[in-house]
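There are 2 protein chains.
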Amino acid sequence: MPIHDFTSQRLYLDTPLSPGATVACTPEQANYLRNVLRMGDGDALLVFNGRDGEWKAALAQRGKRNLDLEIGEQMRPQEGGPDIDYLFAPLKRSRLDYMVQKATEMGVARLHPVITRHTQAERVNTERMRANAIEAAEQCGILRIPEVAEPMKLERVLEGWDASRRLIFCDEAAEVKSPVEALRALLPPHSRGEVGEGGTAEQQSSGFPPPLTPPRKGEGNCDSPLAVLIGPEGGFAREEREMLIAKPYALRLSLGPRIMRADTAAVAVLALVNSVLGDWH
Amino acid sequence: MPIHDFTSQRLYLDTPLSPGATVACTPEQANYLRNVLRMGDGDALLVFNGRDGEWKAALAQRGKRNLDLEIGEQMRPQEGGPDIDYLFAPLKRSRLDYMVQKATEMGVARLHPVITRHTQAERVNTERMRANAIEAAEQCGILRIPEVAEPMKLERVLEGWDASRRLIFCDEAAEVKSPVEALRALLPPHSRGEVGEGGTAEQQSSGFPPPLTPPRKGEGNCDSPLAVLIGPEGGFAREEREMLIAKPYALRLSLGPRIMRADTAAVAVLALVNSVLGDWH
């Protein structure tokens with residue numbers, strides 16, 4: 039029987055992975071591999087668990103009804119990524135799915151639903167969020183699955199905030215200014231080059247909190263912990279905006295003169311943060 | 039009868055708009071206004087046509103079956119936006135809808151489907167693209183509707199290219215380097231500040247084509263024409279990549295170490311281009 043190569047297919051397994059290990063498939067996984075992908079005995083695909091990197095795994099029929107995966111060689115070591123918490127006011131069903139997939143593609147470390155005054159969806163299915171994060175990771179070859187936090191009210195999130203984690207919040211009501219310059223101003227002067235427009239003097243002169251650790255050469259990642267917050271589609275309430283602006287660890291960011299939907303703003307700000315402070319170097 | 043304010047609702051009308059004008063609704067529009075929004079005689083909403091700005095308009099019943107809109111005061115003048123052509127390998131149905139909506143929110147001037155070697159969807163419904171652009175503009179209050187071009191093969195697009203329009207193409211196979219620095223290097227030295235990492239020396243020394251006109255103070259827009267190209271999900275074919283790299287007007291851009299889906303990459307690169315060269319200042 040010919041052995042087929044399915045190594046453009048990736049499957050998430052919630053189990054430790056090591057060379058020579060055997061993993062029993064769940065009935066859903068067995069159905070997917072045999073009936074959707076039409077894989078046969080000996081065919082190989084890629085598997086990962088979010089911790090141990092990416093591995094080649096071959097199907098092995100066990101008896102009539104059971105299917106094993108035999109773990110072969112490691113194809114890629116585990117990858118890290120920027121330490122970005124992604125906080126967001128949850129959206130309704132399909133748009134929340136989409137937003138979770140997009141944030142995963144953008145490499146965030148944690149997904150944290152935050153309930154604000156104008157939030158549309160109060161109930162959040164965190165299991166579904168996790169399934170969407172896994173699906174995006176499988177499709178895009180991302181090896182780190184973002185953690186999913188339980189929904190929490192904005193006030194409570196800020197009460198327990200670790201001030202060493204900068205909070206970048208996007209605000210449609212903010213004056214339109216270069217978001218790149220605003221993000222660069224979080225870095226120490228020697229690593230950001232000359233700051234152009236002069237619009238960031240206040241951030242430069244404010245002594246607290248200290249500038250971020252600059253991205254390391256080669257690795258590119260800014261070591262410092264970051265968080266990005268996207269508010270609800272109705273925008274932040276006035277009290278929420280004032281509460282956020284008052285926090286010394288918070289940076290209020292404009293995303294240009296046009297209104298964007300929340301899932302669009304998510305990708306836009308994460309692209310900017312990854313480019314200036316994250317691992318797009 | 040009470041008059042209700044529906045001015046958070048926007049409706050696109052394909053007709054000239056001026057104060058005091060009367061516009062007859064199509065049956066679809068009349069159905070939407072009366073039965074979906076539940077608007078009554080005298081209620082007002084916002085209308086726009088992509089050319090004449092945004093106007094207040096009041097419903098006026100005419101006979102039993104016809105509905106007019108009476109155009110009142112102008113609420114916002116027509117807005118421009120960056121001169122960005124957005125070129126993309128078309129995706130399948132719902133993901134193409136989504137991509138068109140996202141590009142509209144990001145303020146592109148033109149949507150141009152480009153057929154590449156690995157393009158998934160050969161047939162493109164440009165009417166549907168236009169409807170999605172209008173829907174996004176209605177929802178987000180965008181006053182300029184992007185033009186929709188007919189699909190064209192990549193080779194033909196490049197044959198007819200105006201070399202004064204820089205073509206920024208995203209390539210997963212490009213070395214990971216700061217996209218912000220790469221885009222800043224398109225600007226003349228005095229308007230970009232000190233370029234940090236030194237990774238852009240080749241672009242700085244290459245004399246052709248000349249640097250872009252810098253964004254104007256206040257307005258913020260880079261006057262120079264730009265284009266952004268997102269390839270198919272399978273990536274560019276080798277010959278296509280070589281053809282693009284050889285063009286003096288082309289800039290090959292990396293969007294970081296992770297693979298993204300094409301609609302995600304679209305928002306990411308347009309956020310970066312708007313921030314460095316467009317109107318996010």
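Protein sequence lines, in the order shown, are assigned to chains A and B. For the first sequence, the positions run 39 to 319 when our numbering is used. For the second sequence, the positions run 39 to 319 when our numbering is used. Each residue gets a CB set at the ideal place from its N, CA and C atoms; glycine is no exception. These figures come from a predicted structure and were not determined experimentally.
Within the same chain, and ignoring the five residues on either side of residue 119 of chain B in sequence, the residues whose Cβ sits closer than 7 Å to its Cβ are 145, 147, 182 and 317. Per the C-alpha coordinates, the member of A:294, A:105 and A:88 positioned closest to residue 71 of chain A is A:105.
A Cβ-Cβ separation of about 6 Å places residue 154 of chain A in contact with residue 278 of chain A under the 8 Å criterion. At a C-beta separation below 7 Å, residue 281 of chain B has no neighbours in chain A, since its nearest C-beta there lies roughly 25 Å away. Put simply, of A:117, A:102 and A:309 the residue whose alpha carbon is nearest the alpha carbon of residue 221 of chain A is A:309. Rounded to the nearest whole angstrom, the C-alpha separation of residue 90 of chain A and residue 263 of chain B is 46 Å. With its beta carbon at least 8 Å from every one in chain B, residue 137 of chain A lies outside the interface. Between the segment 268-282 of chain A and the segment 205-213 of chain A, the count of C-beta pairs closer than 8 Å reaches three or more; the two stretches touch. Of the residues assessed, residue 165 of chain A falls on the exposed side of the cut-off, its CB having fewer than 16 other CB atoms within 10 angstroms.
Around the beta carbon of residue 313 of chain A, 16 or more other beta carbons sit within 10 angstroms, so the residue counts as buried. Chain A places a beta carbon closer than 8 Å to that of residue 216 of chain B, counting this residue as a contact.
Proximity to residue 283 of chain A across A:196, A:108 and A:82 peaks at A:196, based on C-alpha coordinates. The beta strand (DSSP E) runs of length 3 or more contained entirely in the segment 100-127 of chain B are, from start to end of the chain, 104-114 and 122-126. When the alpha-carbon of residue 250 of chain B is set against those of B:203, B:95 and B:219, the nearest one is in B:203. Within the segment 149-228 of chain A, the complete alpha helix (DSSP H) segments at least 4 residues long are 164-178, 192-197 and 217-222, listed from N- to C-terminus. Close CB contacts of residue 88 of chain B within its chain, under the 8 Å cut and outside five residues either way in sequence, are with 50, 175, 181, 182 and 183 (chain order). The C-beta of residue 142 of chain B has 16 or more other C-beta atoms within 10 Å across all chains shown, which makes the residue buried. Relative to the Cα of residue 194 of chain A, the nearest Cα in the group A:288, A:301 and A:152 belongs to A:152. With distances taken between CA atoms, residue 92 of chain A lies nearest to A:179 out of A:42, A:179 and A:301.
Under a criterion of Cβ atoms nearer than 7 Å, the residues of chain B adjacent to residue 313 of chain A are, in order, 216, 217, 218 and 310.
Residue contact with chain B for residue 51 of chain A: absent (no Cβ-Cβ distance below 8 Å to any residue of chain B).
The Cβ of residue 305 of chain B sits closer than 8 Å to at least one Cβ of chain A.
In this chain, the alpha helix (DSSP H) harbouring residue 138 of chain A covers 131-143. Counting every other CB atom within 10 Å of its CB across the protein chains shown gives residue 265 of chain A a total of 16 or more, marking it as buried.
For chain A, none of the residues of the segment 70-88 of chain B brings a beta carbon within less than 8 Å of one of its beta carbons.
Listed along chain B is no residue with a C-beta nearer than 8 Å to that of residue 164 of chain A; the closest approach is about 22 Å. When DSSP assignments are scanned along the segment 46-110 of chain B, the uninterrupted stretches of alpha helix (DSSP H) that are 4 or more residues long and fall wholly within it turn out to be 65-69. Listed along chain B are 214, 215, 216 and 235, each with a C-beta nearer than 8 Å to that of residue 319 of chain A. For residue 295 of chain B, the chain A residues whose C-beta falls within less than 7 Å of its own C-beta are 317, listed in chain order.
Of all residues in the segment 142-168 of chain B, only 143, 144 and 145 come within less than 8 Å of chain A when Cβ atoms are compared, listed by chain position.
The segment 293-302 of chain A and the segment 123-137 of chain A touch, with three or more beta-carbon pairs separated by less than 8 Å.
Less than 8 Å separates the beta-carbon of residue 58 of chain B from that of residue 109 of chain B.
For residue 178 of chain A, at least one C-beta of chain B is nearer than 8 Å to its own C-beta. In terms of Cβ geometry, residue 111 of chain A and residue 94 of chain A form a close pair [threshold 8 Å]. By the Cβ neighbour-count rule, residue 81 of chain A is buried, with 16 or more other Cβ atoms within 10 Å of its own. The beta carbon of residue 130 of chain A does not come within 8 Å of any beta carbon belonging to chain B, so the residue lies off that interface.
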